[in-house]
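Note sheet for the following structure.
In the working numbering, the protein residues as written are 3 to 151.
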């Protein structure tokens with residue numbers, strides 16, 4: 003929800019509405035990310051490139067996906083608040099885990115994105131100045147969101 007705080011002056015919704023917007027956006031974004039990873043994996047298999055997760059970009063990206071999945075699971079558990087789980091873990095701890103792992107997943111995802119700007123496909127289709135501007139914009143976005151966190 004803290005990620006929506008950036009938009010709060012523009013969209014002053016109630017807390018329950020912000021939670022709904024948050025999980026909808028996260029669900030769509032996570033589905034897109036996981037779909038992209040699976041499609042890239044299939045693409046490499048079809049090209050008989052079996053050295054998966056061999057670059058820094060791919061390893062950081064995989065770490066980000068794992069963290070996002072953990073964040074999703076902890077977020078769903080915190081949102082639904084299953085009574086049996088409350089016997090073992092307090093909801094406040096689940097919320098902290100969700101926020102911390104979510105922030106780590108977002109940060110590693112942004113690092114993976116910055117590393118992607120140096121991949122061949124970006125070098126072939128974008129000027130160095132454009133890639134530099136994208137990297138700066140990405141850094142400003144991350145710093146802005148970290149400041150809000």
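Even glycine gets a Cβ: it sits at the ideal position worked out from N, Cα and C.
Within its chain, find whatever has a CB closer than 8 Å to the CB of residue i; leave out the 5 residues flanking it on each side and keep chain order.
{"i": "residue 137", "result": "116 and 119"}
{"i": "residue 98", "result": "none"}
Could you name the residues of the same chain whose beta carbon sits closer than 6 Å to that of residue i, not counting the 5 residues immediately before and after it, in chain order?
{"i": "residue 65", "result": "110"}
{"i": "residue 77", "result": "100"}
{"i": "residue 126", "result": "none"}
For residue i, collect the residues of the same chain with a Cβ closer than 7 Å to its Cβ; drop the 5 residues on either side in sequence, then sort them by chain order.
{"i": "residue 112", "result": "140 and 144"}
{"i": "residue 69", "result": "103, 106, 107 and 110"}
{"i": "residue 3", "result": "Unreliable placement is indicated for residue 3, whose pLDDT of 47 sits below 50; the coordinate value is still reported in the next sentence. Contacts found: 20, 21 and 24."}
{"i": "residue 80", "result": "93, 96, 97 and 100"}
{"i": "residue 46", "result": "54"}
{"i": "residue 35", "result": "67 and 70"}
By the three-class DSSP mapping on this structure, what secondary structure does residue i have?
{"i": "residue 51", "result": "coil"}
{"i": "residue 88", "result": "helix"}
{"i": "residue 143", "result": "helix"}
{"i": "residue 77", "result": "helix"}
{"i": "residue 33", "result": "helix"}
{"i": "residue 14", "result": "coil"}
{"i": "residue 2", "result": "The requested residue 2 is not part of the displayed model; the chain covers only 3 to 151."}
{"i": "residue 57", "result": "coil"}
{"i": "residue 3", "result": "With a pLDDT of only 47 at residue 3, under the threshold of 50, the placement of this residue in the model should not be trusted, and no figure is reported."}
{"i": "residue 83", "result": "coil"}
Which runs of the alpha helix (DSSP H) spanning at least 4 residues fall entirely within the segment 101 to 140, listed in chain order?
-> Scanning the segment 101 to 140 from its first residue to its last, the whole alpha helix (DSSP H) runs of 4-plus residues come out as 122 to 127.
Is the segment 44 to 60 touching the segment 101 to 121, taking contact as three or more C-beta pairs under 8 Å?
-> Touching, yes, given that three or more Cβ pairs across the two stretches are closer than 8 Å.
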